[in-house]
Amino acid sequence: MKEIKRLLNIIEDKNSKLHEKDFLLTWEQSRDELEQVLYLAEALKSLRASNIDTRVFNNGLGISLFRDNSTRTRFSYASALNLVGLTQQDLDEGKSQIAHGETVRETANMIAFCAEAIGIRDDMYLGAGNAYMREVGEALDDGFNEGVLPQRPAIINLQCDIDHPTQAMADLAWLKEHFGGLDNLKGKKIAMTWAYSPSYGKPLSVPQGIIGLMTRFGMDVTLAHPQGYDLIPDVVDVAKNNAQASGGSFRQVASMEEAFDGADIVYPKSWAPWQIMQQRTELLRQNDSQGLKALEQTCLAQNAQYKDWHCTEAMMKRTRDGNALYMHCLPADITGVSCERGEVEASVFERYRIATYKEASWKPWIIAAMILARKFAHPGDVLARRLEAAIPRVYR
Amino acid sequence: MKEIKRLLNIIEDKNSKLHEKDFLLTWEQSRDELEQVLYLAEALKSLRASNIDTRVFNNGLGISLFRDNSTRTRFSYASALNLVGLTQQDLDEGKSQIAHGETVRETANMIAFCAEAIGIRDDMYLGAGNAYMREVGEALDDGFNEGVLPQRPAIINLQCDIDHPTQAMADLAWLKEHFGGLDNLKGKKIAMTWAYSPSYGKPLSVPQGIIGLMTRFGMDVTLAHPQGYDLIPDVVDVAKNNAQASGGSFRQVASMEEAFDGADIVYPKSWAPWQIMQQRTELLRQNDSQGLKALEQTCLAQNAQYKDWHCTEAMMKRTRDGNALYMHCLPADITGVSCERGEVEASVFERYRIATYKEASWKPWIIAAMILARKFAHPGDVLARRLEAAIPRVYR
Amino acid sequence: MKEIKRLLNIIEDKNSKLHEKDFLLTWEQSRDELEQVLYLAEALKSLRASNIDTRVFNNGLGISLFRDNSTRTRFSYASALNLVGLTQQDLDEGKSQIAHGETVRETANMIAFCAEAIGIRDDMYLGAGNAYMREVGEALDDGFNEGVLPQRPAIINLQCDIDHPTQAMADLAWLKEHFGGLDNLKGKKIAMTWAYSPSYGKPLSVPQGIIGLMTRFGMDVTLAHPQGYDLIPDVVDVAKNNAQASGGSFRQVASMEEAFDGADIVYPKSWAPWQIMQQRTELLRQNDSQGLKALEQTCLAQNAQYKDWHCTEAMMKRTRDGNALYMHCLPADITGVSCERGEVEASVFERYRIATYKEASWKPWIIAAMILARKFAHPGDVLARRLEAAIPRVYR
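Residue numbers (full-length UniProt numbering), protein chains in the order written: chain A, 1 to 396; chain B, 1 to 396; chain C, 1 to 396.
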């Protein structure tokens, strides 16, 4: 209990304006704000481990809008809502009247009369996902200010075209746990590298989220990919600036080997080139299925030139003491398991399998923390009162 | 708190038998019963605004059965269930075994062992939707009387072929709010008029609901539509009789202009003619997709003759002081926004946009009120005890 | 209240290890364990009837994975989760990333960070459904032991290829209620017989579940089917052994008449032959839709030879005093109602309709009981504390 109280005090000591803005990109938040979310996640996890009910809402909806398939984000969001006492309601655009002339502005209000949170995954269209979230946010501000909505729901970015903040923050929480604190991340070498996969069209938001966030904490971040597999240039600039400001470093290299050399952490993962994602966005908009098929073929052929971007045992040996922490947002393309040849060798993945599950396990807590940080000016105090009330989570 | 207590006393003073019957058509309920629902909705809204938990069920299911697409009704129903403490469970007929020989009678019982409410939207088949709800009701009565069900769930009509009572009641609650009380509605002129839309097959239940309900409160109700866009004749008769009994009036005219002249309230909205809906019902039953397409073409061509049924700025100038309240159940077909030419001019809609959102915002409260009125003989007393307990909705 | 306390004491007196294992097949559980579940179901039902809130979880998810259509099992599971305080979250494999390379091991962990129960229906593939549940169970054990999961969720078998334990246990609870206690079942003659239906591919799990469970309680169990409509031989052996151990009997006959003669209980129901189900499994695996159609035609033709396996009034006259209890898992194929010629004559079904609804009504309680038995070493004590707290289910 003392440890939880200590965490709640840290949360309250942070200088945070998160209750006044949506957490849509990690680089729009201050260091204190990022830490507030991290510590809130930790406090929530500890409260549950102590069998204390973490619900701060006795009623209220949490809406989800998934414009792309999802398992872990869907369940993490559902778990987070449940942890804070909100009831999930899915906005299935196929079952709704949105096709029938509703505007974003209107829909945002119509679903939100009793909503405290709206989680959105919209990662397919470059230039659109994050913009859509902001459009929803403005509509909610308008509805709240005009007296239509009795509360302003928190928007949770469950993955957009630019960032994947719940993933990157969960990854950071895991690194904090694994290395024993944020301070211990200073100077750690992390390799965010492209890896071969027999699929195409994987979003850029994970690598962008990683380089955009890890450069905030004084880490030495290396981004590696074959020529032509660029990320959005603006985000690369964000990473460069972050590194300079935090006292870390950011560099780009063109080989996996170079990135892995001496790394403390490796994050090998496939993605589609930025330029391809732009073409794909255009083709999706035009509903050009032939064009999409042709593009897929081109991409798969291009990918196939880089099969040696493979996280093998030999590759792992290059890392610090041959013992870097392997990370992945899951599901990974595992050679000989989920595909003939993929991102990672089976023996490497198997050795770090439980570690990747623990990495993923932070997501519900991070999402719940983001909701609390958006809804309450003093989320630490709110949880402190739950700690004091000490209603059991399970009546044993 | 005093104001909420006053509302709860009004509720208890009403002579209501709503706990003994389902609210399937507004004209089957007494004036006192309608008012009970209105005041319950207002009390629930006030309780939530005072951060008081309105859940009266600690567990129990609320079932939804949507036989047509829906955004706002779906979310309003989900919100209402959440407000009173029930958990939504969707009966998706596609995922069920209903095709596999289950009868309505059987299904109604099988889903209801722990259900306190069943919300049904069934508006596609003329002559069928409301009848289906009654069939479900009889099956539930049977199951409850025979000891199969430990409780008789409330049936909530979320739109049928005849009436849309949650919409009409929400509209009435909005008028009551806007004009400062039910008494102020006496003598107000409301124009329920057809309007052009480039779509077809829109249900009759909204205009029917409006003329069936607003004639109860001494309003001067005008129904306007082009020749051939009739509503169900029985419902028109209901409106006539209501007007006579309430001291209001009901008339039918054949031009939008005439209806708008001097109106306090205008409700311009497209619908399909009754006779067409009958043909459509027959074709849907026969699964005659070619016939449906042909009917659609005929209808769209017919509609196109009446493009001047358009709620323009010029049309609005005809209303009282050029300033009538514009209403719509949403989504509206807005000229130049959701279609090239629709029901309403963009500038008119924009001026009343927030007003229509507020109109819609009454729906969750009305639905929750209907559930409470059906489940408790003394819903005002039930809420009075929640007010006294004063459990916070949000633990701030 | 005294009666509920008596039930809770009985529950605690049972020697049960159910909190250490998943309830996947009734014949893997001891007699005491089966009785613990029955009495827990009864206690939960009584608590709710006394308006006492039965929720023992203040937050937590209950996950459902339906690989086949379902109405009553889906709603029963949802009801059970709601009764114990868990929030349902559906794992829709179509909307997830499972196709995208996730392993069972990984998915099981990814969905379970906050899950207390996982209900699975997987009855289409012979040799696969039950095995899949065990694979999920092992993954959850692994995740829990490795510190990935803060709790080990209960797996609930909502129907597999071998057994349908929630159905069989609900049927047993109904027999216990109907005949006034388990002791009264000793020596009762039950006829589990095949019946004609114009459909094919119905799972074997219901008849297998019935012969596997009812032979535990000293009943005289007769299994009847036309030649070639065999159940899985191993399960038939289980029934034989059970009967010997419990002091009952088990026999197989080749005519409905013989099975019905002098029976106290009849359970006429269609199923597909074991050998056909094996072929069908193979064809489903190969995605051979032509092969499946051909197999269906063969089976329907084979079925049609046995239209006289029909639960008629004449057939019922053969039973004890012409008055045996008719049972069915529902939906039944009722002659002249759901099909031209089916399993049961309409007048017979109608006479027992309410009885079959009461039979079905036990399922939510059985499922809730299974969850409690798996999650708590002393579920009776857990409920005793809820009884003492006596929080109302409904605030009247």
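Just so you know, even glycine gets a beta-carbon here, dropped at the ideal spot from N, CA and C.
These figures come from a predicted structure and were not determined experimentally.
Is it true that the CB of residue j sits closer than 8 Å to the CB of residue i?
i	j	result
K176 (chain C)	L330 (chain C)	no
D53 (chain A)	R393 (chain A)	yes
I156 (chain B)	G137 (chain B)	no
M256 (chain C)	T298 (chain C)	no
G212 (chain A)	T26 (chain A)	yes
I63 (chain C)	A115 (chain C)	yes
T356 (chain A)	M327 (chain A)	yes
V348 (chain A)	E296 (chain A)	no
A272 (chain B)	K202 (chain B)	yes
I4 (chain C)	L387 (chain C)	yes
C311 (chain C)	V266 (chain C)	yes
Against chain C, with Cβ distances strictly below 8 Å, would residue i count as a contact?
i	result
T166 (chain A)	no
G119 (chain B)	no
L18 (chain A)	no
V148 (chain B)	yes
F179 (chain A)	no
R152 (chain B)	no
V206 (chain B)	no
R48 (chain A)	yes
Does residue i have its Cβ less than 8 Å from a Cβ in chain B?
i	result
N109 (chain A)	yes
G143 (chain A)	yes
E296 (chain A)	no
E388 (chain A)	no
F376 (chain A)	yes
A346 (chain C)	no
E106 (chain A)	yes
Identify every residue that forms a DSSP beta bridge with residue i.
i	result
K269 (chain A)	A:W194
C160 (chain C)	C:D122
G252 (chain C)	The sequence shown places Gln at residue 252 (chain C), not Gly. For Q252 (chain C), which the question treats as bridged, DSSP gives the partners C:L223.
L61 (chain A)	A:T87, A:A115
C329 (chain B)	DSSP output for C329 (chain B) lists no bridge partner at all.
V344 (chain B)	B:C311, B:I334
C299 (chain C)	DSSP, once it has assigned bridges, lists no residue as partnering C299 (chain C).
I52 (chain B)	B:P392
A154 (chain A)	A:A117
F376 (chain A)	Bridge partners of F376 (chain A): none, in fact.
F23 (chain B)	B:I156
F66 (chain C)	C:R121
K189 (chain B)	B:D220
If residue i and residue j are in contact, beta carbons under 8 Å, what's the gap, nearest whole angstrom?
i	j	result
K363 (chain A)	T87 (chain A)	Between T87 (chain A) and K363 (chain A) the Cβ distance is about 19 Å, and since that is not below 8 Å, they are no contact.
K188 (chain A)	D264 (chain A)	4 Å
A195 (chain C)	W274 (chain C)	Actually they are not in contact, since the Cβ atoms of A195 (chain C) and W274 (chain C) sit about 17 Å apart, beyond 8 Å.
V221 (chain C)	A239 (chain C)	7 Å
L83 (chain A)	N59 (chain C)	6 Å
I162 (chain B)	I276 (chain B)	So it is not a contact: roughly 16 Å between Cβ atoms.
A112 (chain B)	I120 (chain B)	That belief does not hold up - the Cβ atoms of A112 (chain B) and I120 (chain B) are roughly 13 Å apart, past 8 Å.
K17 (chain C)	E35 (chain C)	So it is not a contact: roughly 13 Å between Cβ atoms.
A224 (chain B)	A254 (chain B)	7 Å
Do we get a CB-CB distance below 8 Å when we pair residue i with the residues of chain A?
i	result
M87 (chain C)	It should be noted that the sequence gives Thr, not Met, for residue 87 (chain C). So, interface residue.
E138 (chain C)	no
V394 (chain C)	no
F113 (chain C)	yes
A102 (chain C)	The amino acid occupying residue 102 (chain C) in the given sequence is Glu; Ala does not appear at that position. Yes, E102 (chain C) counts as interfacial toward chain A.
I354 (chain B)	yes
### Task
Could you name the residues of the region 57–70 of chain A whose beta carbon sits closer than 9 Å to any beta carbon of chain B, in the order they occur along the chain?
So the close ones are F57, N58, N59, G60, L61, I63.
When Cβ atoms are compared, which residues of the region 304–326 of chain A fall closer than 9 Å to chain C?
Residues are counted here when their Cβ sits less than 9 Å from a Cβ of chain C; for the region 304–326 of chain A the count is zero.
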